[in-house]
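Read the structure below first, then the notes.
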Amino acid sequence: MSALPALSPDQDRLSPLKFARLSALIFDKTGIKMPPSKATMLQGRLQRRMREVAIDTLDAYCDHLFDGSAHPDEMIHLINAVTTNKTDFFREPGHFDFMAQTALPTLADTGQRRIRAWSAACSTGAEPYTMAMVLDQFAQKSGVDYGILATDIDTAVLETARRGIYPAELIEPVPAALRQRYVATSRDRRSSQARIVPALRSAIGFARLNLMDASYPVGAPMDIIFCRNVLIYFDKETQEKVVRRLCDCLRPGGYLFLGHSESIAGMDLPVSTVSYTVFMKD
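Each residue of the sequence shown is one higher than the one before, starting from 47 at the first, in my numbering.
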């Protein structure tokens, strides 16, 4: 007698009922839509997690999630598995030009001596470190102080962001003068890694935050909020709820930056458009 061979990854599939239940759970916890067209992507990501917890099939993993036997942290691992973490330094550079040339001077002209900025979906850190470079350059000229909060739902990417270590090619979009000032490269020419300098890392506080939460405990009102390329994963109702909560965290005259493919058209929000996907709170 011999054991039956285990299912190969391309044979293992979630049953329609389990997929529907799992996608409803993901939407409830993260706001991310998971239509049937994304079943293959979801299954591939879950199989990596299954290997880590020694579970053989996707249906068994779902049972593990729903029957109460999973550790409470398993939900965090599930969220980490399904979230998308594409990020680049100086992505959508027009936003950083507007920040440097318009938003920061305007805020300083109102008497702001400390500028509070928030990267609300910071992923592995490229966005908040880019914000920090722009803010630090402005602070050197104007004398204002600044601090940055960087949050994400994914604990794994937050740990990468805290370390501030990246493949050298990921740093390439950073202008040479800023690279020289804010990025340290290894003296070992065989190393392909670069690290954000300690002075810039210390200006950023990293924390886990779920944009699906009913409120965002970020402290005093923010002057600048970046929440880019996140709303595209939510349905319209969730988008409006998230943006409204972001506006609640923004001081009057503060700036909200969304992704270039995102729109708040038709939403009744206390903001005015001041540039392409840049909004000022009324």
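C-beta atoms are modelled at their ideal positions from N, C-alpha and C, and glycine is treated no differently. Remember, it's a predicted structure, so these values are computed and weren't measured experimentally.
Selection from the options that minimises the alpha carbon distance to residue i
i, options, result
"Cys90", "Thr129, Thr231, Ile211, Gly193", "Residue identity differs from the one stated: residue 90 is Gly in this sequence, not Cys. Ranking the options by Cα distance to Gly90, first place goes to Thr129."
"Arg290", "Asp134, Phe73, Ile271, Leu124", "Ile271"
"Asp191", "Leu68, Arg159, Gly171", "Arg159"
"Thr86", "Thr284, Ala100, Pro62", "Pro62"
"Arg59", "Leu216, Ala249, Arg225, Tyr107", "Tyr107"
"Glu138", "Ser307, Ala266, Phe325, Val320", "Ser307"
"Val264", "Asp105, Thr170, Ala163, Met326", "Ala163"
"Phe184", "Ser309, Arg67, Asp155, Leu111", "Asp155"
"Gly305", "Leu92, Ile278, Gln186, Pro151", "Ile278"
"Leu150", "Ser188, Ala127, Asn126", "Ser188"
"Gly300", "Gln147, Ile310, Val317", "Val317"
"Phe73", "Lys282, Arg254, Gln147", "Lys282"
"Leu216", "Tyr175, Asn256, Gln186, Thr148", "Tyr175"
Spatial neighbours of residue i in its chain, beta-carbon cut-off 6 Å, leaving aside the 5 residues before and after
i, result
"Glu286", "Met313"
"Val243", "Tyr228, Ala230"
"Gly251", "Leu195"
"Val276", "Ala167"
"Met8", "Nothing about residue 8 can be reported from this structure: the residues present for the chain run from 47 to 328 only."
"Leu246", "Ala178, Tyr228"
"Ser329", "Absent from the structure is residue 329, since the part of the chain shown begins at 47 and ends at 328."
"Asn256", "Ile199"
"Pro298", "Lys327"
C-alpha gap between residue i and residue j, whole angstroms
i, j, result
"Leu330", "Thr231", "As displayed, the chain neither begins before 47 nor continues past 328, which places residue 330 out of reach and without an answer."
"Ser165", "Glu120", "26 Å"
"Val220", "Lys64", "44 Å"
"Ser83", "Leu124", "19 Å"
"Met258", "Phe280", "10 Å"
"Arg227", "Phe136", "16 Å"
"Pro213", "Gln239", "5 Å"
"Asp294", "Ala260", "11 Å"
"Asp134", "Glu173", "7 Å"
"Arg241", "Met177", "16 Å"
"Leu224", "Val99", "43 Å"
"Arg254", "Glu218", "28 Å"
"Ser248", "Asp198", "18 Å"
"Pro81", "Gly210", "34 Å"
"Asn126", "Gly140", "30 Å"
"Gly157", "Thr323", "25 Å"
"Gln186", "Ala311", "37 Å"
"Met47", "Leu92", "Any reading at Met47 must be qualified, since the residue scores a pLDDT of 38, below 50, and its modelled position is unreliable; the value itself is stated next. Using only the alpha carbons, I get a separation of about 32 Å."
"Gly193", "Asp182", "10 Å"
"Ala222", "Arg233", "18 Å"
DSSP bridge partner residues for residue i (one or two, in chain order)
i, result
"Pro81", "In the DSSP output, where bridge partners are listed per residue, Pro81 has none listed."
"Thr396", "Examination of residue 396 is not possible in this model, given that the chain is present from 47 through 328 alone."
"Lys327", "Val317"
"Asp198", "Arg254"
"Tyr212", "Ala240"
"Asp191", "Arg160"
"Phe303", "Phe272, Val324"
"Ser61", "None; Ser61 has no bridge partner."
"Ser165", "Ala196, Phe272"
"Leu296", "Met268"
Same chain, Cβ closer than 7 Å to residue i, neighbours up to 5 away in sequence not counted
i, result
"Ile122", "Thr201"
"Leu153", "Ile161, Asp269"
"Ile101", "Tyr107, His110"
"Leu296", "Pro267, Met268, Ile271, Leu302, Lys327"
"Thr170", "Asn131, Thr133, Val203, Thr206, Ala207"
"Thr319", "Phe325"
"Thr284", "Gly77"
Contacts around residue i, its chain only, beta-carbon distance under 8 Å, and the 5 residues preceding and following it disregarded
i, result
"Pro51", "The pLDDT assigned to Pro51 is 39, lower than 50, so where the model puts this residue is not dependable; a value taken from the coordinates is nonetheless given after this. Closer than 8 Å at Cβ, skipping near neighbours: no residue."
"Arg67", "Cys108, Phe112"
"Leu292", "Ala166, Tyr262, Ile271, Cys273, Leu302"
Every unbroken alpha helix (DSSP H) inside the stretch 82 to 109 [4 residues or more]: 85 to 99
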